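All remarks here apply to the structure that follows.
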DNA sequence: ACCTTTACTGACTGTTTAGTCAGTCGAACC
DNA sequence: GGTTCGACTGACTAAACAGTCAGTAAAGGT
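Right under this line is the structure:
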């Protein structure tokens, strides 16, 4: 067993359940089944652990999403694939999602280079830029379209997480809401 | 000076800057210009303080929003007023908004009765229900429409906060995005 | 004049917690 | 068979922190 990963897993579980504070490093170590010192052997401070967990989750999410994208389709279809797979990912990784959510609103975010955050959004930004330039999407500020799409996705995600739908119903909701979104942003 | 309020003000400022943890009660008291014990005289625990702050902000927000709503208009106009005044409020109270955001994703929320949270959403929910029943809005699950609208508003808000627009430009963005939202949800 | 209550103080304490460190253990290289 | 090295341990400590408490001071009642 990779103890480094076991610590991340335990931290994720406990952070989501109790929050960053209220989760002593000692409990994380115990949950992971390693000694207290081992945690600090791999992650010099608690903050470093939190940041490492964030980066780990983000990159696993990105990797997983890109697997499912087949380029060469129309912009509409590529966007739909992005939309769908990001929602599918959060549904399959609810705990991870809740951690990222908590992380984003905390003061930790400032400590991560803005670069690290941007890296994950860049492809989506490029896609939107292209859509506007090709007049497939409404002519507006790229950032604004991006946040509009982001907000929509965020809302639908919260909805799906709060309800306990079957796989089929989930897919249906995703289809339906994408049509609504597309109707709003297409030129 | 009302020391009870001074403590809330100080707590708000420090919580947003450093987060709940990393903000010792001693610093809050110092910032508020009161003795350490005074804080615990008014708020028996730190958790109680956090909850009191949340309720204080929420009710001030609700009060402020309802002032600006004139009933009797069409459903579309009422929704636009809600939309506009909630965005205006968060723009004018960025710190408060960031606190609420942080609070919502933390474990504290669970401690507040779900009732307290619902109380503030109820009027908006009712409005949407009515809109669906009257066939002014698309026939879909109320909760889903609600989260769609919420997500949209959340996104636009983030956009407005991140940019430093003039009052006029802000109003223009609000108008524009409402039209997009309305186009998406109207029947 | 005396009592009661309420707002407020700040020094103090018990506990919790992040982080340390001296040392164990097995593997791998010489 | 000895030496080095990286992974790992867990008892320990210094600091920080939430919450206490004995007491003050002023207002208001009787």
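Chains as they are written, first to last, in our numbering: chain A, 14 to 200; chain B, 14 to 200. Note that the Cβ used here is the ideal one computed from N, Cα and C, for glycine as well. Keep in mind it's a predicted model, so treat the numbers as computed, not measured.
Taking Cβ positions only, does residue i come closer than 8 angstroms to chain A?
i, result
"residue 118 (chain B)", "yes"
"residue 114 (chain B)", "yes"
"residue 156 (chain B)", "yes"
"residue 88 (chain B)", "no"
"residue 56 (chain B)", "no"
"residue 167 (chain B)", "yes"
"residue 193 (chain B)", "yes"
"residue 197 (chain B)", "yes"
"residue 50 (chain B)", "no"
"residue 164 (chain B)", "yes"
So for residue i, helix, strand or coil by DSSP?
i, result
"residue 6 (chain B)", "Because residue 6 (chain B) is not part of the residues shown, which for chain B are 14 to 200, the question remains open."
"residue 35 (chain B)", "coil"
"residue 106 (chain A)", "coil"
"residue 43 (chain B)", "helix"
"residue 81 (chain A)", "coil"
"residue 90 (chain A)", "helix"
"residue 176 (chain B)", "coil"
"residue 119 (chain B)", "coil"
"residue 96 (chain A)", "helix"
"residue 58 (chain B)", "coil"
"residue 14 (chain A)", "coil"
"residue 48 (chain B)", "coil"
"residue 20 (chain B)", "helix"
"residue 125 (chain A)", "coil"
Are the C-beta atoms of residue i and some chain B residue less than 8 angstroms apart?
i, result
"residue 38 (chain A)", "no"
"residue 33 (chain A)", "yes"
"residue 53 (chain A)", "no"
"residue 63 (chain A)", "no"
"residue 171 (chain A)", "yes"
"residue 161 (chain A)", "yes"
"residue 144 (chain A)", "no"
"residue 85 (chain A)", "no"
Near residue i, what residues of its chain come up, given a Cβ to Cβ distance below 7 angstroms and the 5 sequence neighbours on each side ignored?
i, result
"residue 51 (chain A)", "16 and 42"
"residue 110 (chain B)", "103"
"residue 148 (chain B)", "200"
"residue 183 (chain B)", "104 and 173"
Residues in its own chain within less than 6 angstroms of residue i by CB, not counting five upstream and five downstream?
i, result
"residue 194 (chain A)", "165"
"residue 116 (chain B)", "67"
"residue 169 (chain A)", "190"
"residue 49 (chain A)", "39 and 42"
"residue 106 (chain A)", "none"
Who pairs with residue i in a beta bridge, going by DSSP?
i, result
"residue 150 (chain B)", "B:199"
Among residues of its own chain, excluding the 5 on either side of residue i, which ones have a beta-carbon nearer than 8 angstroms to its beta-carbon?
i, result
"residue 64 (chain B)", "121, 124 and 125"
"residue 47 (chain A)", "16, 19 and 20"
"residue 151 (chain A)", "145, 158, 198, 199 and 200"
"residue 142 (chain A)", "155"
"residue 53 (chain B)", "38"
"residue 84 (chain A)", "91"
"residue 181 (chain B)", "none"
Going by alpha carbons, who is nearest to residue i out of the options?
i, options, result
"residue 71 (chain A)", "A:31, A:54 and A:133", "A:133"
"residue 24 (chain B)", "B:184, B:62 and B:176", "B:62"
"residue 139 (chain A)", "A:49, A:92 and A:74", "A:92"
"residue 95 (chain B)", "B:82, B:182, B:87 and B:170", "B:82"
"residue 78 (chain A)", "A:55, A:44 and A:136", "A:136"
"residue 67 (chain B)", "B:104, B:99 and B:108", "B:108"
"residue 118 (chain B)", "A:14, A:49 and A:28", "A:28"
"residue 57 (chain B)", "B:75, B:38 and B:162", "B:38"
"residue 187 (chain A)", "B:192, B:183, B:178 and B:161", "B:161"
"residue 171 (chain B)", "B:76, B:55, B:99 and B:131", "B:99"
"residue 44 (chain A)", "A:32, A:60, A:22 and A:190", "A:22"
"residue 153 (chain B)", "A:153, A:185 and A:174", "A:185"
"residue 80 (chain B)", "B:88, B:69, B:101 and B:87", "B:101"
"residue 75 (chain A)", "A:34, A:90, A:129 and A:36", "A:129"
"residue 163 (chain B)", "B:32, B:97 and B:55", "B:97"
"residue 73 (chain A)", "A:59, A:90, A:14 and A:113", "A:113"
"residue 192 (chain A)", "A:33, A:127, A:178 and A:89", "A:89"
For the ligand SAH, I want to know if residue i counts as a neighbour, meaning its beta carbon is within less than 7 angstroms of at least one of the ligand's heavy atoms.
i, result
"residue 70 (chain A)", "The ligand SAH is not part of the structure shown, which contains no ligands of any sort."
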